[in-house]
Each structure stands twice: as C-alpha cells, then as structure tokens.
Amino acid sequence: MRVHPSRLIRLSLISLLLLLCIAIIYNKYLDKALSGPNSISQLIRNQDFASVHNVKPFKIDWENYSLTALESSRVGPGENGMAFELSPLDRELSNKTINENGFSVYVSGKIKIDRSIKDIRHPRCKGKLYFSNLPTASVIIPFFEEHWETLLRTVASVLNRAPSGLIKEIILVDDGSSRKYLKDELDNHLATAYPSGIVRVIHLEQRGGLIRAKTAGAREATGEVLIFLDSHCEAGINWLPPLLDPIAANYKTVVCPFIDVIDANTFEYRAQDEGARGAFDWELYYKRLPRLPEDRYHPDEPFDSPVMAGGLFAISAKWFWELGGYDPGLVIWGGEQYELSFKIWMCGGRMIDAPCSRIGHIYRKYSTNFPKAEFGDFVGRNYKRVAEVWMDEYKEYLYKRRPRYRDLDAGDLTKQRKIREKLKCKSFKWFMTEIAFDLVKKYPLIEPISKADGEIRSVADSYLCLDAMGANEYTPVKLRPCTKDNPNAIGIQKFEYSYHEDIRVIKQ
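Put into structure tokens, the structure is as follows:
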C-alpha cells in the first residue's frame with residue numbers, strides 16, 4: 022500500500038511532536054526532582070533520589086567565559102595581576118605608605134578597584150562541572166582600619182568573578198575602626214555602588230578582635246553557606262562553585278580555597294605553590310605538610326587537610342552552629358583555626374582544600390597592633406582553651422614547650438566540653454592517628470637533641486656575633502660585639518642548629 026508523501030510528512034511531524042512532549046515532561050520531572058528549592062538539605066535529598074533511581078546528579082559548567090576573555094584583554098597598571106612598575110620616585114612615595122596598613126597604599130591607589138587578574142588555575146579546572154543547584158552563600162569579611170581600595174577591591178572581585186545568584190549577601194564587619202571613611206562614607210558608597218543591598222556593613226561599637234567580628238557577621242548571615250574572607254583579598258576566576266559543590270554533597274564538609282600571594286609592594290598576583298596540607302608544631306605555630314602522593318595525580322580534585330590556615334574557608338551555616346561556632350571564650354585572634362579544625366574532624370566532619378578555587382591574599386609586611394594590656398597574653402590563653410578542651414593528653418607536649426601556659430587562666434570551659442560530649446566527638450589520638458598521621462614525622466612529640474649550639478661568630482671579625490635582640494618577623498638579626506667576650510654587653514646570642522637543620526634562638 023502506497024502512502025501519500027504529504028501524509029507521510031504529517032505522520033512524521035506528529036511523531037516528532039509526541040517525542041518532544043515526552044522529552045519536555047521528562048525534563049520537567051527531572052528538574053523538579055534534581056533542582057527543587059535552593060537548599061543544602063534538598064540537594065542532599067535530590068542526590069539520594071538520583072542514587073535510588075539510577076539518575077546521575079545534574080551538573081553544569083559555571084564558567085563565565087566572556088568575563089575571562091574580557092579580563093585577559095585588559096591593559097593598564099596592575100591589570101592581569103601584573104606587578105606595578107615602580108619608578109625611583111614611585112618607590113620613594115610607596116615606602117612612605119607601607120606603615121599605614123603593612124602594604125603599599127600608594128600602589129593600591131594606582132590600580133583599579135575592579136582590576137583583572139590572570140587565571141592561574143590548573144587547566145583541568147576550566148570547564149569542570151558542579152551541581153546545577155548550589156546552595157546560597159553569605160560572604161563575611163571582617164576588617165579593622167582597612168585601606169579603602171583594598172577593601173573595595175575585595176568586594177568587587179568576590180562579586181564579579183562569582184556566578185550571579187549564588188551570593189546572597191556580602192557582610193562587612195567593621196571591628197571598631199576609627200578612620201572616618203570607614204563609617205558613613207563607606208555605607209553611602211556601597212549603597213550607591215550596590216543599590217540592591219547585596220553588600221552591607223555591620224559597625225561594631227568597639228574593637229573585639231577578629232574572632233568576635235567573624236561571629237558577629239555569622240549571626241547576621243542568612244545564606245546557607247558561610248564564607249569567611251580577609252579584607253585584603255582578590256577572588257579568582259570562578260572561585261565560588263568549587264567551594265559550594267562539596268558542601269552541597271555533604272553539609273559537614275568544610276572547604277578551603279588555594280591561597281595565592283598578592284605582593285605587598287607591587288600588588289603582583291602569583292601562586293604561593295600548588296597546595297599543601299595544613300598542620301602545626303607543638304608550640305601551635307601553623308605549618309604545612311606536602312600533599313600525599315595519590316593527590317598529585319589529580320591536581321584539580323579536592324584533598325583532605327588536617328588544619329585550616331584560618332582566614333579563608335566555606336562552611337555550611339547549619340554545621341557551623343551545630344559545632345557551636347567559634348568558642349566565645351577565644352579573644353582577639355589566635356587558636357581559632359585549630360579549635361574549629363579539631364572540632365570539624367573529631368565531631369564527624371571533613372575538611373578539604375579545593376585547588377580550583379583560588380583567592381589571592383596580601384601578606385602584610387607589618388602587623389596591625391592591638392592594645393594588649395586589657396587581655397594580657399591572649400594568644401597563650403586561647404591556646405590553653407583549645408588544648409584543654411580538644412587535645413587530651415597531647416596538651417602536655419604544648420605545655421612542655423610553653424610551661425607558662427599552665428599558669429594562665431583559660432576561663433570557664435564547661436560549655437565547650439559539653440559541646441564535645443553532645444556531639445560524641447572522637448579523641449585527639451584518633452585525630453593524630455587517622456587525619457594528621459604523618460605530622461609527628463616532621464614535628465616530633467619529643468624534640469631530638471640539637472646538632473650544635475652556641476654563639477655564631479663572624480669570620481671576617483671574630484669580635485662580632487649574630488645577635489637576635491629586637492629581631493622579629495620583620496626586623497632581621499644583626500652583628501654586635503660578642504657578649505661572651507664583653508660581660509657588660511647585652512644581647513641574645515645563643516643559637517642552636519636544630520634537627521630540622523635550621524638555626525633557632527635558644528629560649529632563655
């Protein structure tokens with residue numbers, strides 16, 4: 022039987038239409054199942070649904086390729102993260118501004134608020150797929166006496182290089198700054214630049230320190246994920262999805278970005294390295310351990326890290342408050358990154374570094390001083406609180422190196438111990454065995470005997486010795502007359518050549 026061509030065409034069109042209808046209905050059903058409300062709990066249920074029904078979770082490419090192309094084409098001072106070229110006059114003017122904030126305010130003022138930076142992510146990060154329905158984020162940025170341009174550049178980079186819709190708000194927390202431009206002028210500028218109100222400022226009446234400023238911002242946040250950043254950062258291309266994606270899969274996962282370096286003098290943006298795992302020594306100085314060999318085969322994949330650096334990380338609001346937030350007994354700064362890291366791991370969570378999220382940070386040449394008279398040795402007090410609540414018998418290795426910590430008043434620890442009991446957290450021995458398993462290889466519990474100790478004399482002039490009096494992170498040691506030869510001379514001239522094969526001052 023012959024079929025008329027026109028009828029055949031009609032039948033074909035009807036068939037195609039039916040197939041199209043079926044596809045639309047299926048996609049709507051799939052969207053409803055996998056997209057749902059924009060919440061972490063819904064996402065987790067969606068992925069459970071996908072697992073049960075053998076449907077792959079819906080992932081997409083969040084990259085803004087037009088923005089990347091535009092940024093790479095920009096030219097001008099500091100564009101593409103290039104160093105600002107300083108003439109002799111520029112250098113002289115720049116040096117005069119270093120002490121204001123610990124970096125060159127002069128150079129910062131010469132480059133644009135929304136300058137471009139180069140994309141230094143691993144090539145595998147480009148086009149990487151993440152969940153289509155990521156949770157919303159509240160970005161919390163505490164600041165104290167921050168420079169105008171660096172603060173606004175932080176805000177601009179966070180918004181410009183993140184997919185629209187993922188950032189619910191940016192909360193700037195003014196920790197009692199005295200500079201006038203950080204009050205009404207800042208509020209008015211942000212209201213004009215961001216009329217939607219996505220960026221706002223909380224002004225604390227007096228300075229309470231970094232920890233309390235972060236907590237104040239977290240209490241005001243309404244996003245499902247809290248992202249803490251410093252106030253002198255620049256977020257990289259597509260920085261946000263790699264932080265949110267692991268949290269969408271498991272709300273007890275905490276994610277840290279790779280932290281790049283913004284040069285304090287020239288504002289050059291460059292990589293610090295290609296990743297390491299956070300750790301500590303037994304004086305609780307922050308250290309870093311190499312990535313594990315198996316992690317190096319997957320340079321774009323997140324990897325476990327025992328301890329965070331502290332300033333830049335993402336955590337679900339639900340998990341943050343389940344953990345009790347920051348211990349309110351910790352003051353100013355110091356120890357909070359250890360307290361939170363230990364809680365995360367020991368109480369059933371996980372912490373990872375995400376290589377595809379990169380954020381530049383200015384490492385100040387000089388720290389902003391805080392009046393210490395009211396709080397005394399607040400860092401030592403903070404460390405003791407962390408040690409007494411979380412480190413179990415391992416706290417003795419801290420006290421062995423810092424005996425004076427034993428006599429510090431750590432305050433009431435009842436609430437923190439109840440949090441540990443309520444969450445049924447594991448022991449610190451478990452943490453050291455399962456998470457920071459290779460830490461003691463580099464930082465032994467008992468310090469091996471040093472290879473040598475004594476004064477270090479000049480070969481050119483044997484009457485001069487290396488002297489550490491007045492030296493610190495920013496002030497070098499000097500050559501001074503040897504105290505051993507001159508009983509009336511004062512100085513710090515006893516050094517040791519340690520088992521680490523470095524030279525250290527012998528503590529008196």
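Mind the numbering: the sequence shown is residues 22 to 529 in my numbering, read in order.
Glycine included, each C-beta is placed from N, C-alpha and C at the ideal position.
Because the structure is a prediction, the values reported are computed rather than measured.
| Query | Result |
| --- | --- |
| I need the DSSP call for Ser-185, collapsed to helix, strand or coil. | coil |
| Counting only runs of 3+ residues fully inside the segment 193-227, write out the beta strand (DSSP E) ranges in chain order. | 220-224 |
| Taking only heavy atoms of the ligand HEM into account, decide whether any of them is closer than 6 Å to the Cβ of Pro-267. | By its list of ligands, the structure shown contains no ligand whatsoever, and the ligand HEM lies outside what it can speak to. |
| Check whether the segment 90-105 and the segment 118-136 are in contact - that is, three or more C-beta pairs closer than 8 Å. | yes |
| By the 10 Å Cβ neighbour count, where 16 or more other Cβ atoms means buried, how is Ile-188 classified, buried or exposed? | buried |
| If we define contact as Cβ-Cβ less than 7 Å, is Ile-132 a contact residue for chain B? | Going by chain labels, chain B is absent from the structure shown, which holds only one protein chain. |
| Check the C-beta distance from Tyr-418 over to Tyr-404 and give it rounded, since I have them as a contact under 8 Å. | About 12 Å; that fails the 8 Å criterion. |
| Kindly indicate which residue of Tyr-518, Pro-262 and Gly-99 has the alpha-carbon position closest to the one of Asp-474. | Tyr-518 |
| What three-state label does DSSP hand Val-410 in the structure shown? | helix |
| Report, in whole angstroms, the separation of the C-beta atoms of Gly-432 and Trp-354, which I expect to be a contact under 8 Å. | With a Cβ gap of about 17 Å, Gly-432 and Trp-354 do not count as contacting. |
| When you compare each of Ile-380, Arg-478, Glu-245 and Ala-239 to Thr-175 by their alpha carbons, which one comes out closest? | Ile-380 |
| Closest to Ser-159 by CA distance: which of Leu-172, Leu-173 and Leu-193 is it? | Leu-193 |
| So, Lys-149 versus Cys-377, is the Cβ gap smaller than 7 Å? | yes |
| Is the Cβ-Cβ distance between Ile-161 and Glu-357 less than 7 Å? | no |
| Under a three-way DSSP split, which group does Lys-117 fall into? | coil |
| Just list the residues that DSSP pairs Cys-277 with in beta bridges. | Asp-374 |
| How would you call Asp-488, buried or exposed, if buried means at least 16 neighbouring beta carbons within 10 angstroms? | buried |
| Do you know offhand how far Pro-461's Cα is from Phe-288's? | Position check: residue 461 holds Val in this sequence, whereas Pro was assumed. Spanning the two alpha carbons is a distance of roughly 37 Å. |
| Rounded to whole angstroms, what's the CA-CA distance from Thr-236 to Glu-84? Just pull it up for me. | 32 Å |
| Here's the rule: buried if 16 or more other CB atoms are within 10 angstroms of the residue's CB, otherwise exposed. What is His-253? | buried |
| From which residue to which residue does the beta strand (DSSP E) around Lys-80 run? | 80-82 |
| Does DSSP put Cys-254 in a helix, a strand or coil? | strand |
| For Lys-339 and Lys-472, what's the separation of their Cα atoms in angstroms? | 50 Å |
| Measuring straight from C-alpha to C-alpha, what distance separates Glu-414 and Pro-465? | 15 Å |
| What's the call for Ala-5, buried or exposed, on a 16-neighbour Cβ count within 10 Å? | No answer is possible for residue 5: it lies beyond the span of the chain, which begins at 22 and ends at 529. |
| Count the other CB atoms, across all protein chains shown, that sit within 10 Å of the CB of Asn-116; report buried if there are 16 or more and exposed otherwise. | exposed |
| Quick check on the DSSP output: what are the complete alpha helix (DSSP H) runs of length 4 or more inside the segment 289-322, in order along the chain? | 314-317 |
| Would you call Gly-331 buried or exposed, if buried means 16 or more other Cβ atoms sit within 10 Å of its Cβ? | buried |
| Can you check whether the CB of Glu-304 is closer than 7 Å to the CB of Ile-422? | For the sequence presented, residue 422 should be read as Arg rather than Ile. Cβ atoms of Arg-422 and Glu-304: closer than 7 Å. |
| State buried or exposed for Phe-458, treating a residue as buried only when at least 16 other CB atoms are found within 10 Å of its CB. | exposed |
| So is Asn-209 buried or exposed if we call it buried at 16+ other beta carbons inside 10 Å? | exposed |
| Pull up the distance between the alpha-carbon of Ala-300 and that of Val-410, whole angstroms please. | 19 Å |
| Do you know how far the Cα of Val-400 is from the Cα of Phe-165? | 19 Å |
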